[in-house]
Amino acid sequence: MAKSKPLSDLGDTDLIEKLADAKEELFNLRFQLATGQLDNSARMKLVKKEIARVNTELRAREIADADALASSASGEDN
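Okay, so the sequence shown: first residue is 11 according to the working numbering, each after it adds one.
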């Protein structure tokens with residue numbers, strides 16, 4: 011399996027797409043579990059972790075943007 015790019019190297023739109031894909035996959039896995047068709051139940055845990063990683067990266071960027079905005083705004087006041 012090829013190693014994928016770190017999340018920090020992806021753009022915001024790529025992260026949002028990755029998040030949507032992971033959520034859709036998790037939905038499908040839950041559906042398969044409910045119908046008894048799920049072969050690899052460990053995949054659910056991996057997908058949940060991937061969702062958490064993407065959400066964490068998006069939030070870190072959000073905080074960094076807010077900090078940059080706040081520091082530039084406070085610099086203009088002085």
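For each residue, glycine too, the CB sits at the ideal point set by N, CA and C. Source: prediction; values computed, not measured.
### Query
chain C beta carbons: is any one of them nearer than 9 Å to that of K55?
Of the protein chains in this structure there is only one, and it is not chain C.
### Query
What residues in its chain sit with their C-beta under 7 Å from that of L25, if we drop five residues either side in the sequence?
L17, V64, E67, L68
### Message
Here's a check: name, in chain order, each residue in its chain whose Cβ is nearer than 8 Å to the Cβ of A44, leaving out the five neighbours to either side.
### Response
none
### Message
Please report the distance separating the alpha-carbon of S81 from that of D22.
### Response
Approximately 22 Å between the Cα atoms of the pair.
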